[in-house]
Amino acid sequence: ELPSVSFVGLGNMGAPMSVRLLRAGYAVTGFDLSADARAAVAFAGVRTAETAADAVRGTDIMILMLPSSSVVEAVLGDPAVAAALADGSTVVDMSSSDPLSTRRLATELESRSVRLVDAPVSGGVKGAENGTLTIMVGGAEVDVGRLAPLLQNMGTVRRAGGVGAGHALKAINNLLSATHLLATAEGVLAGERFGLDPAVMVELINSSSGRSGSTDNKFPNFVLPGSYDSGFGMNLMLKDMRIAVGLAHQLGAASPLADSAVAIWARALEELPDTADHTEIARWAALQSAD
Ligand code: NAD
Numbered sequence: 006e007l008p009s010v011s012f013v014g015l016g017n018m019g020a021p022m023s024v025r026l027l028r029a030g031y032a033v034t035g036f037d038l039s040a041d042a043r044a045a046v047a048f049a050g051v052r053t054a055e056t057a058a059d060a061v062r063g064t065d066i067m068i069l070m071l072p073s074s075s076v077v078e079a080v081l082g083d084p085a086v087a088a089a090l091a092d093g094s095t096v097v098d099m100s101s102s103d104p105l106s107t108r109r110l111a112t113e114l115e116s117r118s119v120r121l122v123d124a125p126v127s128g129g130v131k132g133a134e135n136g137t138l139t140i141m142v143g144g145a146e147v148d149v150g151r152l153a154p155l156l157q158n159m160g161t162v163r164r165a166g167g168v169g170a171g172h173a174l175k176a177i178n179n180l181l182s183a184t185h186l187l188a189t190a191e192g193v194l195a196g197e198r199f200g201l202d203p204a205v206m207v208e209l210i211n212s213s214s215g216r217s218g219s220t221d222n223k224f225p226n227f228v229l230p231g232s233y234d235s236g237f238g239m240n241l242m243l244k245d246m247r248i249a250v251g252l253a254h255q256l257g258a259a260s261p262l263a264d265s266a267v268a269i270w271a272r273a274l275e276e277l278p279d280t281a282d283h284t285e286i287a288r289w290a291a292l293q294s295a296d
């Protein structure tokens with residue numbers, strides 16, 4: 006029999022992910038602070054609860070898809086949630102969280118034989134809808150093996166290492182992704198001023214050594230059409246970049262390029278609405294140049 010699942014955090018990513026689990030035959034109970042988010046998954050057939058503790062009670066696996074570690078800590082630190090979380094159950098944090106926080110939480114939960122596995126994802130809202138995410142898992146091999154059949158409904162499962170390894174890798178991935186996006190924006194801008202067609206540039210770079218997720222996905226799908234609707238917020242991207250450079254600083258790894266990328270992204274977010282999509286960094290970058 007399939008394990009029962011609670012799913013906390015039903016936003017841009019959590020909603021389609023929870024619906025995929027439901028369609029795969031899992032009994033899923035969802036919770037989100039937002040009543041609209043709860044209603045959206047309820048419409049697709051997911052059972053919803055009025056509190057996180059009510060969602061978790063009686064389930065074997067608790068999945069989290071929340072904005073950040075501070076929210077993950079608040080949810081797991083809620084005494085009602087702690088009481089509802091059964092001994093021997095498993096928490097799977099699929100949010101892009103801070104690996105040091107994740108390790109601390111794993112140690113705390115271990116004392117009550119609750120296992121914690123980090124399983125952040127790459128692939129965006131499209132990947133969440135289609136079940137084609139890359140899932141970077143951190144945890145004991147036996148826990149990861151046990152969870153693989155469930156996680157495979159959402160994407161390709163790859164173990165990165167022990168607890169926290171998935172979260173560390175995810176933050177570093179996004180630091181690269183954000184840096185590539187800004188670099189691509191600056192390059193395309195210079196090329197345009199020379200008279201190049203941005204679509205031609207991106208297409209040719211995609212079969213050249215400058216290619217990246219920014220040239221093969223973000224520019225053609227969100228920047229060049231001017232839609233800026235990837236469904237991944239700039240505030241969330243900056244959070245991930247800060248996690249990665251924070252790790253680098255704590256570990257004494259030099260990161261001058263990443264440090265300046267963070268400073269530039271932070272300036273952009275200050276000047277844009279807090280709800281800006283992360284792909285709007287390209288539009289903002291273009292506005293920085295003289296006419
Ligand atoms: P989102 O903001 O769309 O969704 C987060 C949800 O959490 C919201 O619905 C919010 O109401 C809910 N929430 C906040 N506090 C809560 C609480 N205390 N209890 C219950 N629910 C609460 O964000 P998202 O884009 O779905 O991203 C979720 C995580 O996945 C983030 O860590 C993000 O960095 C990561 N991520 C996002 C993408 C993407 O393309 N959007 C891709 C990969 C990873």
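Under UniProt numbering, the residues of the sequence shown are numbered 6 to 296, in order. All residues carry an ideal CB built from backbone N, CA and C; glycine is no exception.
### Query
Is the beta carbon of Trp289 sitting closer than 8 Å to the one on Glu276?
yes
### Message
On the DSSP letters alone, give me the boundaries of the alpha helix (DSSP H) that Met18 sits inside.
### Response
Note, Met18: premise wrong, no alpha helix (DSSP H); not H, not E.
### Query
Val24 by DSSP, collapsed to three states: which one?
helix
### Message
Using CA atoms only, rank isn't needed, just tell me which of Tyr31, Pro8, Glu55 is closest to Asp41.
### Response
Glu55
### Message
Three or more C-beta pairs under 8 Å: does that hold for the stretch 259-273 against the stretch 130-137?
### Response
no
### Task
State yes or no: is the C-beta of Phe36 nearer than 7 Å to some heavy atom of the ligand NAD?
yes
### Message
Please classify His254 as buried or exposed, where buried requires at least 16 other C-beta atoms within 10 Å of its C-beta.
### Response
exposed
### Task
Check each candidate in Thr220, Val207, Val168, Ser11 and name the one with the smallest Cα separation from Leu110.
Val168
### Query
Rounded to a whole number of angstroms, what is the C-alpha to C-alpha distance between Ile68 and Val33?
10 Å
#### Entry: Beta-bridge partners of Ala139, as assigned by DSSP
Note that residue 139 is Thr in the sequence shown, not Ala. For Thr139, which the question treats as bridged, DSSP gives the partners Ser127, Thr161.
### Task
Output the boundary residues of the beta strand (DSSP E) element that contains Leu69.
66-69
### Query
Can you tell which of Asn240, Asp279, Val61, Leu152 has the C-alpha that lies nearest to the C-alpha of Ala87?
Val61
### Query
Which same chain residues, not among the five before or five after Arg163, have their C-beta less than 8 Å away from its C-beta?
Thr139, Ile140, Met141, Val142
### Task
Using three-state DSSP, classify Thr184 as helix, strand or coil.
helix
### Query
Pick from Arg28, Leu71, Phe224, Ser39: whose alpha carbon is nearest that of Val51?
Arg28
### Task
Entirely within the stretch 49-134 and at least 3 residues each: give me those beta strand (DSSP E) ranges in chain order.
66-69, 95-98, 120-123
### Task
Kindly give me the distance between the Cβ atoms of Leu15 and Gly30, rounded to whole angstroms, as I take these residues to be in contact under 8 Å.
19 Å between Cβ atoms; not a contact.
### Task
Might you give, ordered along the chain, the residues of its own chain that have their beta carbon closer than 8 Å to the beta carbon of Ala45, omitting 5 neighbours on each side?
Leu15, Ala20
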